[in-house]
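Residue numbers for the sequence shown follow our numbering, beginning at 946 and rising by one.
In what follows, a single structure is set out as structure tokens and then discussed.
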Amino acid sequence: MGLETHAIVEIKERFHKEGNAMPHMNWEYGTLYIDTNSQEDLDTIKDVMLNEVLVPGCDVQFNCLKATKTEPWDQWAMDIIHKNSDILEVDK
């Protein structure tokens, strides 16, 4: 199972176990877009990604795309990042 599919399955399972509605989300080009205004939803998704999906050394980063007139809700973009940029020789 691919990373994106595995992540969605695990996230869906967690929301179901907690009895919460899962926000609409979809992957595009390695970024998970999440339609939510709830910090709890983001915390749940982050916990699932770090503890059920990703290997040690990886982290996730969320960026907010603010609501507009045509889309009156915040959308969050989640990217997978490496915890240690030295391994990737970033900023050298």
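For each residue, glycine too, the CB sits at the ideal point set by N, CA and C.
Only a predicted model underlies this, so the values are computations on that prediction, with no experimental measurement involved.
Is the beta carbon of residue j closer than 8 Å to that of residue i?
| i | j | result |
| --- | --- | --- |
| residue 967 | residue 960 | yes |
| residue 1021 | residue 987 | yes |
| residue 998 | residue 1027 | no |
| residue 1019 | residue 1003 | no |
| residue 958 | residue 972 | no |
Measure the beta-carbon distance from residue i to residue j and round it to whole angstroms, keeping in mind my assumption that it falls under 8 Å.
| i | j | result |
| --- | --- | --- |
| residue 1024 | residue 993 | That pair is no contact at about 15 Å. |
Under 8 Å Cβ to Cβ from residue i, same chain only, skipping five residues before and after it: list those, please.
| i | result |
| --- | --- |
| residue 983 | 968 |
I'd like the list of long-range same chain contacts for residue i, defined as Cβ closer than 6 Å, with 5 residues on each side in sequence excluded.
| i | result |
| --- | --- |
| residue 979 | 968, 970 and 1021 |
Is DSSP giving residue i helix, strand or coil here?
| i | result |
| --- | --- |
| residue 1005 | strand |
| residue 952 | helix |
Excluding sequence positions up to five away, which residues of its chain have a Cβ less than 7 Å from the Cβ of residue i?
| i | result |
| --- | --- |
| residue 955 | 993, 997 and 998 |
| residue 1011 | 1019 |
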